[in-house]
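Protein chains in written order, with the working numbering: chain D, -8 to 464; chain S, 33 to 329. Everything below concerns the one structure shown next.
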Amino acid sequence: MRSTSLIVLAACGALASIPASAADADLNALREEIAQMKQAYEQRIKALESRLEKAETTVVKAEASATQAQASARQAGARPAPANAFNPEISLILQGRYKDMKEVPERTITGFWPAAGHDHGGGAGEANQRGFSLDHSELAFGANIDPWWRGQLMLGVRDDEVEVEEAWVQTLGIGHGIGLKGGRIRSGIGYLNEQHAHAWDFADAPLMYTVMFGEHASYAQDGVQLKWVAPTETFIELGAEFGRGAEFPGTDRNKNGSNNGAIFAHVGGDLDASNNWRAGVSYLRTRARDREARFEDVGGLEAQGVFDGDSRTWLADFVWKWAPEGNAKYQNFKLQGEWFQRKEKGTLDCLDEDAVGNACDPLAVGASVLSDYKTRQSGWYLQGVYQFTPNWRAGVRYDRLDSGDRDFGINAANLVVDSYHPSRSSVMADYSWSEFSRLRLQYAHDKSMQGITDNQVTLQYIMSLGAHGTHKF
Amino acid sequence: MKLLLLVLLAIAAMPAAAALKVFATVPEWGALAREIGGDRVQVFTATTALQDAHHVDARPSLIARARSADLLIATGADLEVGWLPVVQRESGNPRIQSGQPGYFEAAQHVRLLDVPARLDRADGDVHAAGNPHIQTDPRNVLAVGEGLAARMAQLDPANAAAYRSGHAAFAERWRTQIKRWEAQAAPLKGVAVVSQHKAWPYLYDWLGMREVAALEPKPGVEPSLAHLALVRDQAATSRPRMVIRAAYNSARPAEWFAKEAKVPAVVLPFTVGAPEAADLTALFDTTVQRLLKGLGT
């Protein structure tokens, strides 16, 4: 305001210096001009002042966190949100562990086709690392794309590798209970299949998921998923999936159309305020071409088996959760179990790639033996986890598989056909400081390899940071 | 003939079945929708007064109910962040997706308190937008009711007039009650209290009470013995008159503190459906009475 009075003073001076003889009209014109000047200056000062004020508030705003600014802008309803307000929700999962177990050069589950193919280095996979190691870290991005679509990306990060675990878009606007997802999706079959490792209640996946789908213990594929929720009070959900089907038990066949199909049905509800449940059945059909694995021939030499044919898997799952009056914060219990049966039918080509002169190629001339191949195998697990204080949980799990019927046709005379019931018992206890951090100790008595009893101790941490995670039931 | 009558009766009863289907995440908004809509709304409430709305699962039954809902009433301010997004997405119901008219967020209609100056989970389970427990101030209920009635009228234009008059009647009744509660609660003004969880800033703001400490060392972190002892020692100078917890909180920390600091432990209903809080009016009747009882008046 001081500058305003300066101008007024200057104007007065200017007026005083005008000769008294000047005409009234001139005087008036001059006065008007000065008044205009004054007004113009005042406007400019006002503008400067408001700019200063704005600059000050910007500084204050910058000090506050972006999200707070966003929140207050929403409340005031007037202030614009910063451009980065549209950034997707980002969350990061950090996982690592210490594992004490036997040294086994090549870990496979006896009696089952190894999903890892014919890799020799059984120690390559993270599941086989002893001592201290970093599990893969997960990075998830998600946001609504527009009123009709939502998108999500989930990356698994480990040494030398960034893996796209999931990347999909999902419809929000079809209605009638219909949901459509496309991209790389974890299949809706079973109960555990959609869960990522950080959401597991144990440090490792049930044996049945490892034999069904390999190290990731989940069936994912590039394709589409169609789901429908029935308009009933009891939860009924039906789903179907089609896609590339490149993952085990299928193989990538790079062809047009769909390579596989999965269907599933889930039902669920509340028995009362304290008891909730969900149960489901699922079916996965896929095809494999040139699916290769390492075998042992009757003489103890190495042989390769190549499978061509059909793979059909049935799954049944249930989960029951209890919490007193539905208040899970202080105390809750979760019982979950799944069962599967897989039938495969096709041909098995027995090879001798390393020319060791195995039973299929005794003269080491590159011969092979083609036979029929037909299997029917099954397995299950049952687990219970009890949270007895806001921070502590304890759980037990039992795994059992049945190598079942394995008909190798005439190759039964060349290859060792194991018949075994792999099993494992696990107990775990974990402590959570908050819903974002957890430390777990697990002991497992593992008899998944014939002739080997492996007592495994795992200490594992799972931490999540960033956007608040959401989990399915 | 009898059959025909039955059929006609059934058809006559049809409009009741076509009521506005409301999915409320917490009991207070379900009760509010009933006050405004009467029998024109069919209300499903996802949680009870004995549950912590921040810690529930995206249960299958919630997805099934959300699938057919016309209006989803949430508190917002991240209260339901751990489960509601899953329920919305899995429901296959476009009407209740965020941004649609069928998605109503109560927190948008009131001024939020306890907006954190910085966002860091080292401060516990902080909510970026502010404290979400807005229903403990009846003036907030009034503000939310106004927005809700307008939304219900927008979604169900055929019954718009009924929602408006339902709301007008409720608002008039509610304003009188607020005056009554405020008169009753006059002795509570300036009273120092300790809370178990920071669930009551709106209640304190309304009645002019002072929170001198919380038993939870950080929001959402269970009280530890060390922290409890610290609050007890501070109580010698801060002189709280009572310790307050919600019906769904564990009883032990508040009772321990009550014994140590020789002050009454007051259990407030927190929301509709808790003992002696069958509806919104009873919720505040009981709240005010128990606070006064805690004061010893």
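Glycine included, every Cβ here is placed at the ideal spot set by N, Cα and C.
Residues bridged to residue i (per DSSP)
i, result
"ALA158(D)", "LEU144(D) and ARG175(D)"
"TYR422(D)", "TRP383(D) and LEU430(D)"
"LYS325(D)", "LYS312(D) and VAL376(D)"
"GLN298(D)", "Sequence inspection shows Phe at residue 298(D); the Gln mentioned does not correspond to that position. Note: PHE298(D) sits in a beta bridge opposite ARG282(D) and LEU339(D)."
"ARG98(D)", "The partner list for ARG98(D) (beta bridge, DSSP) is empty, contrary to what the question assumes."
"TRP330(D)", "ALA307(D) and TRP371(D)"
"GLU228(D)", "VAL220(D) and HIS257(D)"
"ARG388(D)", "GLN374(D) and SER417(D)"
"ALA270(D)", "VAL258(D) and PHE309(D)"
Reference residue i; option with closest CA among the options
i, options, result
"VAL310(D)", "ASN318(D), GLY260(D), GLY348(D) and THR277(D)", "GLY260(D)"
"GLY337(D)", "GLY300(D), GLN327(D) and GLU316(D)", "GLY300(D)"
"ASP445(D)", "TYR434(D), VAL356(D), TYR452(D) and ILE453(D)", "TYR434(D)"
"GLN441(D)", "MET419(D), TYR411(D) and ARG177(D)", "TYR411(D)"
"ALA290(S)", "ALA246(S), TRP213(S) and LEU104(S)", "ALA246(S)"
"GLU228(D)", "PRO148(S), ALA81(S), THR303(S) and ALA96(S)", "ALA96(S)"
"PHE399(D)", "PHE286(D), GLY174(D), PHE132(D) and HIS189(D)", "PHE286(D)"
"GLU335(D)", "ARG278(D), ARG98(D) and ARG177(D)", "ARG278(D)"
"SER178(D)", "SER41(D), GLY87(D) and ALA208(D)", "ALA208(D)"
"ASN250(D)", "PHE204(D), GLU224(D) and SER302(D)", "SER302(D)"
"ARG141(D)", "ALA118(D), TYR182(D) and GLU80(D)", "GLU80(D)"
"GLU224(D)", "ASN247(D), VAL258(D), ALA211(D) and HIS462(D)", "VAL258(D)"
"ALA237(D)", "LYS93(D), GLY252(D), ALA20(D) and ALA264(D)", "GLY252(D)"
"SER416(D)", "PRO381(D), ILE453(D), GLY164(D) and TYR372(D)", "TYR372(D)"
"VAL304(S)", "VAL223(S), GLU137(S) and VAL173(S)", "VAL173(S)"
"GLU211(S)", "ARG171(S), GLY326(S) and LEU220(S)", "Note that residue 211(S) is Lys in the sequence shown here, rather than Glu. Residue ARG171(S) is the option with its Cα nearest to LYS211(S)."
"ALA158(D)", "GLN216(D), ARG244(D), ALA194(D) and LEU183(D)", "GLN216(D)"
Residue-level contact to chain D via CB, residue i, 8 angstroms cutoff
i, result
"ALA310(S)", "no"
"GLY252(S)", "yes"
"GLN83(S)", "yes"
"TRP61(S)", "no"
"SER282(S)", "yes"
"GLU122(S)", "yes"
"ALA246(S)", "no"
"ASN125(S)", "yes"
"HIS229(S)", "no"
"GLN335(S)", "One cannot answer for residue 335(S) here, as it falls past the ends of chain S, which runs 33 to 329."
"ILE166(S)", "no"
"ARG99(S)", "yes"
"ALA50(S)", "no"
Expected contact under 8 angstroms - CB spacing of residue i and residue j to nearest Å
i, j, result
"PRO222(D)", "ARG99(S)", "6 angstroms"
"PRO413(D)", "SER455(D)", "About 32 angstroms separates the two Cβ atoms, so there is no contact after all."
"ALA160(S)", "LEU151(S)", "6 angstroms"
"ALA85(S)", "VAL58(S)", "5 angstroms"
Distance, residue j Cα to residue i Cα
i, j, result
"HIS259(S)", "GLY370(D)", "49 angstroms"
"ILE276(S)", "ILE100(D)", "56 angstroms"
"GLU293(D)", "PHE103(D)", "17 angstroms"
"ARG333(D)", "MET199(D)", "11 angstroms"
"GLN464(D)", "GLY386(D)", "Note that residue 464(D) is Phe in the sequence shown, not Gln. So the alpha carbons of these two residues sit roughly 18 angstroms apart."
"GLY70(S)", "VAL119(S)", "26 angstroms"
"ASN267(D)", "VAL54(S)", "22 angstroms"
"TRP313(D)", "GLY290(D)", "54 angstroms"
"GLY131(S)", "VAL113(S)", "16 angstroms"
"ALA203(S)", "HIS141(S)", "15 angstroms"
"VAL408(D)", "VAL160(D)", "44 angstroms"
"GLY234(D)", "LEU315(S)", "54 angstroms"
"HIS127(D)", "GLN266(S)", "46 angstroms"
"ALA458(D)", "ILE176(D)", "21 angstroms"
"ALA256(D)", "GLY124(S)", "16 angstroms"
"VAL320(S)", "ALA217(S)", "6 angstroms"
"ILE254(D)", "ARG397(D)", "26 angstroms"
"LEU430(D)", "LEU116(S)", "27 angstroms"
"TRP219(D)", "ALA101(S)", "16 angstroms"
"ALA185(D)", "SER362(D)", "Here residue 185(D) is Glu; the residue named in the question, Ala, does not match the sequence. Roughly 36 angstroms separates the two Cα atoms."
"ALA81(S)", "SER428(D)", "27 angstroms"
"PRO315(D)", "ALA154(S)", "30 angstroms"
Minimum Cβ-Cβ distance from residue i to chain S less than 8 angstroms
i, result
"ARG485(D)", "Only positions -8 to 464 of chain D appear in this structure, which leaves residue 485(D) out of reach."
"PRO186(D)", "The sequence shown places Gln at residue 186(D), rather than the Pro named in the question. So no, GLN186(D) is outside the interface."
"THR99(D)", "no"
"LEU163(D)", "yes"
"LYS465(D)", "Residue 465(D) is absent from the model: chain D starts at -8 and stops at 464."
Under 8 angstroms from the C-beta of residue i: neighbouring residues of chain B
i, result
"HIS167(D)", "Structure shown: chain B not included; protein chains present are D and S."
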